[in-house]
Amino acid sequence: MRNFVNKRAASLQPSGIRKFFDIVSKMEGAISLGVGEPDFVTPWNIRDKAIRSLQRGYTQYTGNRGLSELCSLISRYLTERFGVEYPPENTIVTVGASEAIDLALRAVCDVGDEILIPEPSYVSYAPAVTLAGGTPVPVICSAENKFILTPERLERAITPKTKALILAYPNNPTGAIMTKAQLEAIIPVIEKHDLLVISDEIYAELTYTGTHVSIASLGDMRGRTVLINGFSKAFAMTGWRVGFVCAPPEIDAAMLKIHQYTILCAPQTGQRAAVCALKEGLADGFSTVEDMRAEYNRRGRFLVNAFNSLGLDCFQPEGAFYVFPSVEKTGMNGEQFANELLKRYKVAVVPGSAFGAAGDKHVRCSYATSMQNLTVAIQRISDFVEEIKSRR
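Residue numbering for the sequence shown follows numbering that gives the first Met the number 0, beginning at 0 and increasing consecutively.
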C-alpha cells in the first residue's frame with residue numbers, strides 16, 4: 000500500500016515543549032517550568048457569565064465572525080488600549096490565537112513564498128508556514144540586541160521570494176519587547192520591500208515597561224498588518240480557546256472563507272465569557288490583569304537574579320512570562336542541560352533549540368507557576384550547577 004501521509008506533515012518534528020511536558024506529567028515530585036500556561040484561574044465573574052449562558056440555553060452556533068457584540072468589543076478594546084483601529088467587520092473570533100496564526104498563513108501563502116520568522120520564536124510558526132505551503136526563513140535575533148529585530152538583520156534576510164514577516168512581541172521564549180522607536184526603525188524596510196506583517200500580540204497585556212505598542216498603530220501599517228491576539232494569557236483563559244484576528248479587507252475575506260469551511264465558529268460559551276472579560280475590563284481598567292502582571296513581573300525578577308547569581312547569563316524579560324537563560328558556561332547545550340536536569344533533579348525546562356537554532360545554548364523557563372515552586376526549582380537547579388562544576 001502506498002504512503003498516504005502528506006509530505007509536509009511527515010516532515011514536521013514533534014513539539015519540543017510537549018515532549019518535556021509529557022515526561023514530567025508522569026514523574027512524581029517533578030516541577031514543571033515548561034508549559035506557558037497561567038497558574039491563575041479564570042476570574043469568577045467570567046466563569047459565572049459562561050455558566051449563566053449555558054443555563055439560558057446559549058449552546059448554538061454563532062455567526063462565522065463570532066458574536067457581533069464580541070467583535071464590537073474587540074474593536075473598542077484595540078482602539079482604547081493600543082490605539083489600533085480595526086472595525087468589527089474586519090474581525091474574526093477564532094479558536095484561540097493558534098487558529099488565527101494558521102488562518103493568516105493559509106490566506107497569504109503560495110507555494111514557495113518565504114515567510115520571515117525572528118528567532119528564537121514560538122514553536123508553531125515555522126510548522127504552520129510549512130503546512131500552508133510557504134518556506135519559513137529564520138532571522139536570528141541576539142541577546143546582545145535584547146532579542147529585538149533590527150533593520151539590518153531584517154534587510155539581510157529579504158529575497159525576491161519574501162512575502163511576509165511574523166512579528167511576535169512580547170516574545171515567547173525570550174520575554175523581549177520592541178519599543179515604538181524600534182518598531183519604527185524596521186517600518187521603512189517593510190515598506191521598501193512591500194511586505195505583509197503578521198503580528199502575534201497574545202502577550203500584549205503582559206508588558207512590564209510601559210504600554211505595549213502594536214506595529215499596526217504606527218503610520219500606515221494597519222493596511223499591511225494582520226493583528227492576532229486572544230484571551231488565553233492576559234485573562235487566564237487558555238482552555239476556553241478564544242482568540243481573534245483583524246486584517247485588511249482582502250486578507251480578512253480570504254481568512255473568513257477558510258474559517259467558514261474548517262471551523263465554522265468559535266464555541267459560543269467561550270465567546271460569551273470573552274464578552275464579559277472585555278466589557279468588565281474596559282469598565283474597571285483591567286484591574287485583574289494589572290494584578291496578574293505585577294505578580295508575573297515579581298516572579299520574573301526573582302528568576303533572573305537567581306540565574307545570574309549562578310553564573311548563567313539571563314536576559315531580563317520585559318514582557319510575557321518566560322526567562323531564557325544561557326547555559327553555555329556549564330559546557331552543555333540546552334538539550335543536554337534540560338535532559339540531565341529533568342532526569343537527576345526533576346525540574347522540567349524547555350531546551351532553547353525548540354525555538355530555533357538561535358536558542359541552542361539556552362533553556363526556557365516559564366514563571367507562570369507559584370513562587371513556592373520557583374523557589375524549590377531554583378534550589379534544585381543550583382544543586383545541579385554545583386554538581387556540574389564539581390565534575391571539572
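Think of the CB as a built atom: it goes at the ideal place given N, C-alpha and C, for glycine as much as any other residue.
Quick one: residues in its chain with C-beta nearer than 7 Å to the C-beta of Gly333, no 5 flanking neighbours on either side, listed in chain order? So the qualifying residues of the chain are Val326, Pro350, Gly351, Ser352, Gly358, Asp359, Lys360, His361 and Val362.
Whether Ala163 touches Val92 by CB criterion (8 Å): In this structure, the beta-carbon distance from Ala163 to Val92 does not fall below 8 Å.
N-terminal and C-terminal residue of the beta strand (DSSP E) that Ala293 is part of: No beta strand (DSSP E) contains Ala293, which is instead part of the alpha helix (DSSP H) from Ser286 to Ser308.
Kindly confirm or deny that the stretch 170 to 181 and the stretch 300 to 320 touch, where touching means at least three C-beta pairs closer than 8 Å. Contact between the stretch 170 to 181 and the stretch 300 to 320 is present, because at least three Cβ pairs lie under 8 Å.
Is Pro416 near Gly284, with beta carbons less than 8 Å apart? Since the first and last residues shown for the chain are 0 and 391, residue 416 lies out of range.
Of the residues Arg7, Phe383, Ala103 and Gly111, which one's Cα is nearest the Cα of Phe336? Phe383
Compute the Euclidean distance between the alpha carbons of Asp193 and Arg223, then round it to the nearest angstrom. 9 Å
For Pro407, which residues of its own chain have a beta-carbon under 7 Å away from its beta-carbon, when the five flanking residues on both sides are left out? Any question about residue 407 goes unanswered here, given that the chain covers just 0 to 391.
Beta-carbon spacing of Gly209, Asn228 below 8 Å: no
From Ile257 to Ile189, what does the alpha carbon distance come to, in whole angstroms? 26 Å
What does the Cβ neighbour count give for Gly56, buried or exposed, with the cut at 16 atoms within 10 Å? exposed
When the distance is taken between beta carbons, is Ser231 closer than 8 Å to Ala185? Rather than Ala, the amino acid found at residue 185 in this sequence is Ile. Their beta carbons are not under 8 Å apart, which means Ile185 does not touch Ser231 by this criterion.
In the DSSP assignment, find the alpha helix (DSSP H) that holds Leu104 and state where it starts and stops. Gly95 to Val107
Residue of Arg7, Met26 and Phe39 minimising C-alpha distance to Ala293: Phe39
Could you tell me how far apart the beta carbons of Gly35 and Ala367 are, in whole angstroms, since I believe they sit closer than 8 Å? Correct: roughly 6 Å between the Cβ atoms.
Within 10 angstroms of the Cβ of Phe3, are there 16 or more other Cβ atoms? Answer buried if so, exposed if not. exposed
Taking the Cβ atom as the reference point for each residue, do Ile30 and Ala376 lie within a distance shorter than 8 Å? yes
Val346 and Ile380: beta carbons closer than 8 Å? For the pair Val346 and Ile380, the CB atoms are nearer than the 8 Å cut-off.
For Arg75, the residue or residues it bridges with in DSSP: According to DSSP, which records beta bridges pairwise, Arg75 is partnered with nothing at all.
Out of curiosity, what's the CA-to-CA distance linking Tyr124 and Gly174? 17 Å
Going by Cα to Cα distance, which pick from Val225, Ser141, Arg155 and Thr161 is closest to Pro324? Among Val225, Ser141, Arg155 and Thr161, the Cα nearest to that of Pro324 is on Ser141.
Judging by CA-CA distance, which residue of Ile214, Ala235, Leu195 and Gly218 is the nearest neighbour of Leu205? The shortest Cα separation from Leu205 among Ile214, Ala235, Leu195 and Gly218 belongs to Ala235.
Express the C-alpha separation of Ala246 and Cys313 in angstroms, rounding to a whole number. 36 Å
Counting beta carbon pairs with one atom in the stretch 60 to 69 and one in the stretch 266 to 286, are three or more of them shorter than 8 Å? yes
Ordered along the chain, which non-local residues of its own chain (more than five positions away) have a Cβ less than 8 Å from that of Lys328? Gly310, Leu311 and Asp312
Looking only at DSSP bridge pairs, what is Ala347 linked to? Answer by DSSP bridge pairing, in chain order: Ser31.
Cβ shell of Met26 (< 7 Å), same chain only, five flanking positions each side left out: Lys345.
What residue from Leu341, Gln59, Ala215 and Lys160 has the CA that sits closest to Asp199's CA? Ala215
Whole angstroms is fine: what's the gap from Ser286's alpha carbon to Thr41's? 14 Å
Which of the three DSSP states, helix, strand or coil, is assigned to Phe81? Looking at Phe81 - three-state DSSP - the assignment turns out to be helix.
Taking the Cβ atom as the reference point for each residue, do Leu217 and Leu195 lie within a distance shorter than 8 Å? no
Compare the C-alpha of Ile165 against each of Leu302, Ile139, Ala180 and Lys145 and name the closest. Ile139
Along the chain, where does the beta strand (DSSP E) containing Thr134 start, and where does it finish? Thr134 to Ile139
Checking 8 Å against the spacing of the C-beta atoms, do Glu79 and Leu341 come in under that value? Taking 8 Å as the Cβ cut-off, Glu79 and Leu341 do not qualify as a contacting pair.
Quick one: Cα of Glu143 to Cα of Gln315, how far? 12 Å
Could you compute how far the alpha carbon of Glu339 sits from the alpha carbon of Met331? 10 Å
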